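Counting from 1, one number per residue, gives the positions in the sequence shown under the UniProt record's numbering. We put the beta carbon where it would ideally sit given N, CA and C, even for glycine. Predicted, not measured: the structure shown is a model, and the values here were computed from it. Here the structure is laid out as structure tokens; the discussion comes afterwards.
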Amino acid sequence: MTAAQQVDGSDSKDGPGPSTLMHARRTVLIQYQARIPPRSKAFVWPSHSILLRIQDQLDCDLFQHPMFQATARYQTLFLRELCARLDAAVQEECSELRRQGVDEIDYPEVDAALLERYTQVIANGSSGALAIYAGSAPDMEFTTHYWPMPARPGTTVDDTNRDEGDLLKNHSRVTLREEGSAISKGTTGLRTWEAGLRLAAHLVSDPSAITSPGTRILELGSGAGFVGAVCATHQLSCSHNDVHTVMTDMPGQVSTRLRETLQLNGLGSATETVEVRELDWLELAAERQQSQQRDDLPTIHFLAQAKPTLVLAADVVYDPELIDPLVETIQACLAAGGGACRALVASTIRNAQTYDAFKASLASFGLKTSVVTLQQPVMSVPDAIWAPDLPPLPVFPSAHDPHLNGRVELLCITLH
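Right, here's the structure in full:
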């Protein structure tokens, strides 16, 4: 989507109906909570006409009751863009009203609450605003990703009489504490990468892959914990309890962050559904070499107990020296899971040579691979009658540009 792909709708000659306006507010809120750069081509802004109609509700929607406030840096950027768009919308509307001979007393203005908040953010967060120009790394940020949960059979969603504070009633969410820089505290695992967003979107497009009875998920390189938390959230909504997710990563900072993510999303006590385990690919490779002589190897024992039916990994192909240990770990997980087990590995191809080395290693270990078409579900207004021309918003939106930052490919990997 580009800036030209704006939210619009004309449900009647009097303007957009309540469902269109509700969806426009939801569109802005979801992107704000995901901290999408407001000037990015990927940000889906409402058209000027709709923006004017919802502006008096945006201060409440975005700022008055957040679980986690955005940084001063992001608020400054967002409010600057929002107020600029509202100012342009006001100018357009006033020009049209002037042409119609309408008295100036009826001319619209930019919402006073938003202007006041923008002024306060600039005054209170001047150091954060200056960092925009100083080229420093962004601050630590809380991001929240929302996605619609499937409606129960026989039910429908109607926004017409929805409470103003209930924009996301039928949506699930995962909140993460992420580092602004790509590498923080010596690891890349403290933020969510594009392949993780795309893998999670692919999985929620058909939740049965993660919620079918007997599903046991083992995630490699869980990082900040987004994909695993999405899976666990779906599994907890099941009517049965024969499902499980294990999130794994290196000992230390990353494993600590994983446990924090579970606590942050109310999953910390759901030990029967989701757990965090430490898994070092290099240690596993060393253990497999000793397995003929010893039977007390903890990592191999852990995999044998886990018996995964589905192995997941996102953005784990980045270091050439870790490719063989990663592939050997995938092979060990598949072997522990049995013949029906498969692995889904999503990768952002930034370096073709590194990715080719990964595929060559998979072949050398005798693993079968196939490219899977990534599914990209979208969030749209529940009743299309209210907003026939309203463009949808991708589930888990991002500012990632595949032409500049690399396309994401999803591989299905099996033993045979």
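Rounded to whole angstroms, L303 and A343 show a C-alpha spacing of 14 Å. Distance between P148 and M379, taken at the CA atoms: about 7 Å. According to DSSP, residue pairing for S361 in a beta bridge does not occur. Looking at the DSSP output, S172 sits in a beta bridge with W147. For T119, the enclosing alpha helix (DSSP H) covers residues A112 to N124.
Note on geometry: alpha-carbon atoms of M250 and E328 lie some 16 Å from one another. It is roughly 15 Å from the alpha-carbon of P402 to the alpha-carbon of F43. Burial check for Y74: the Cβ neighbour count within 10 Å reaches 16 or more, so the residue is buried. Burial is judged here by how many other beta carbons sit within 10 angstroms of a residue's own beta carbon; Q64 has fewer than 16 and is exposed. By the neighbour-count criterion, in which a residue is buried when 16 or more other Cβ atoms sit within 10 angstroms of its Cβ, H23 is buried. Here the C-alpha atom of A332 lies approximately 20 Å from the C-alpha atom of Y318. In this structure, A314 lies near L199, with their beta-carbon atoms less than 8 Å apart.
Assigned with DSSP and collapsed to three states, R85 falls in helix.
Using a Cβ distance threshold of 8 Å, D56 and R25 do not count as a contacting pair. Between E283 and M247 a beta carbon distance of about 17 Å is seen, past the 8 Å cut, so the two are scored as non-contacting.
Relative to the Cα of A270, the nearest Cα in the group C231, E287, V311 and W281 belongs to C231.
Exclusion of the five residues before and after P325 leaves W281, L282, L284 and A285 as the residues of its chain whose Cβ lies within less than 8 Å of its Cβ.
No residue range can be given for S398, since it is assigned to no alpha helix (DSSP H) and is classified by DSSP as neither H nor E.
Its chain contains F396 and S398 as the residues whose beta carbon lies nearer than 6 Å to that of L197, once the 5 sequence neighbours on both sides are disregarded; these appear in chain order. Here the alpha carbon of V372 sits roughly 11 Å from the alpha carbon of V408. Taken in chain order, the whole alpha helix (DSSP H) runs of length 4 or more contained in the segment 220 to 303 are 226 to 236, 253 to 264 and 281 to 290. The segment 76 to 91 and the segment 113 to 126 touch, with three or more beta-carbon pairs separated by less than 8 Å. By the neighbour-count criterion, in which 16 or more other beta carbons inside 10 Å mark a residue as buried, E178 falls on the buried side. The Cβ-Cβ distance between I413 and L374 does not fall below 8 Å.
When the Cα atoms are used, L52 and E321 turn out to be separated by approximately 54 Å.
Excluding residues up to 5 positions away in sequence, R26, L29, I30 and Y146 lie with their Cβ nearer than 8 Å to the Cβ of L168 in the same chain. Taking the Cα positions, C83 is about 14 Å away from P108. Considering only L58, C94 and Q290, the residue with the shortest C-alpha distance to L21 is L58.
Taking 8 Å as the cut-off, the beta carbon of T245 is found no closer than this to the beta carbon of V174. Contact check for T192 against A224 passes: the beta carbons are separated by less than 8 Å. When Y32, S172 and G268 are compared, the shortest CA-CA separation from T71 is found for Y32. Note that the C-beta distance between A113 and S347 is not below 8 Å.
Cα atoms of S49 and R350: separation of roughly 40 Å, rounded to the nearest angstrom. Here R98 carries a helix assignment [DSSP, helix/strand/coil].
Here DSSP, grouped into helix, strand and coil, assigns C60 to helix.
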